[in-house]
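Student: Take this structure first; my questions come after.
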Amino acid sequence: DTEVTQTPKHLVMGMTNKKSLKCEQHMGHRAMYWYKQKAKKPPELMFVYSYEKLSINESVPSRFSPECPNSSLLNLHLHALQPEDSALYLCASSQDYGQIETQYFGPGTRLLVL
Amino acid sequence: AQSVTQLDSQVPVFEEAPVELRCNYSSSVSVYLFWYVQYPNQGLQLLLKYLSGSTLVKGINGFEAEFNKSQTSFHLRKPSVHISDTAEYFCAVTSSYGNKLVFGAGTILRVKS
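Protein sequences, first through last, are from chains P and F. First residue of the first sequence? That's 1 in the numbering used here, and the numbers climb one at a time after it. First residue of the second sequence? That's 115 in the numbering used here, and the numbers climb one at a time after it.
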């Protein structure tokens with residue numbers, strides 16, 4: 001099973017809303033990632049969790065708050081977003097971090113901020 | 115730091131024709147190279163990767179790529195494309211110092227009948 005699942009598939013929210021994106025993998029991977037992909041652009045790394053600890057934060061605004069409740073789950077909490085935050089949010093996982101491991105991507109959550 | 119340049123933003127090709135998607139990288143250290151495919155409204159799927167060893171790498175769906183260190187290139191090829199290959203293709207690089215993927219801008223492959 002090389003599947004990374006993400007929910008919801010689509011999300012529309014206002015600038016005052018609070019919402020969460022969820023990501024799950026059951027491959028026993030110990031590294032999980034959040035990427036943001038704007039239209040017609042490549043994915044950009046936001047956060048990396050390694051062994052459930054935040055390893056990398058690519059200077060992401062605090063209105064994005066990641067959480068890793070356990071080794072299989074990764075959340076991204078959203079609050080007071082701006083319209084320019086509308087994008088496809090991709091989750092990925094790999095066996096480990098700091099090694100040359102393949103990252104497996106989920107299908108993404110397409111977010112629209114009104 | 116690593117960087118990736120995909121030389122073509124769009125590549126139109128007729129069905130059953132061969133195709134080459136170009137990727138050049140720059141890095142001061144040893145690199146590891148990947149090609150991912152993204153079908154419309156989907157996430158990224160790994161096509162193939164080069165870590166070490168043979169410079170000709172075969173991947174899924176009949177794709178292959180050749181690592182050329184002297185030309186700092188990792189071009190993706192397929193001898194005969196299908197309509198279903200229409201997608202966006204991303205070249206990506208990482209180094210032995212971590213698993214941070216740096217993506218190119220992407221190449222949209224449009225296969226026409």
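We put the beta carbon where it would ideally sit given N, CA and C, even for glycine.
Going by beta-carbon coordinates alone, are V171 of chain F and Q159 of chain F separated by less than 8 Å?
Tutor: no
Student: Identify whether E84 of chain P lies in helix, strand or coil by the three-state DSSP scheme.
Tutor: helix
Student: What's the C-alpha gap between M32 of chain P and S93 of chain P?
Tutor: 4 Å
Student: Taking DSSP's pairing of strands, which residues face Q103 of chain P in a bridge?
Tutor: Its beta-bridge partners do not exist; DSSP assigns none.
Student: Helix, strand or coil, according to DSSP, for S187 of chain F in the structure here?
Tutor: strand
Student: Taking any Cβ of chain F, which residues in the stretch 80 to 113 of chain P have a Cβ under 7 Å from it, in chain order?
Tutor: L90, S94, Y97, G98, Q99, I100, E101, T102, Q103, F105, G106, P107, G108
Student: Around the C-beta of D244 of chain F, are 16 or more other C-beta atoms found within 10 angstroms, so that it is buried, or is it exposed?
Tutor: Here chain F has residues from 115 to 227 only, and residue 244 of chain F is not among them.
Student: For F105 of chain P, which of P:D85, P:Q37, P:A80 has the nearest alpha-carbon?
Tutor: P:Q37
Student: Would you kindly work out how many angstroms separate the C-alpha atoms of Q6 of chain P and D96 of chain P, rounded to a whole number?
Tutor: 20 Å
Student: Which value, in whole angstroms, describes the spacing of the CA atoms of I222 of chain F and K19 of chain P?
Tutor: 32 Å
Student: How about L114 of chain P and D85 of chain P: do their beta carbons lie closer than 8 Å?
Tutor: no
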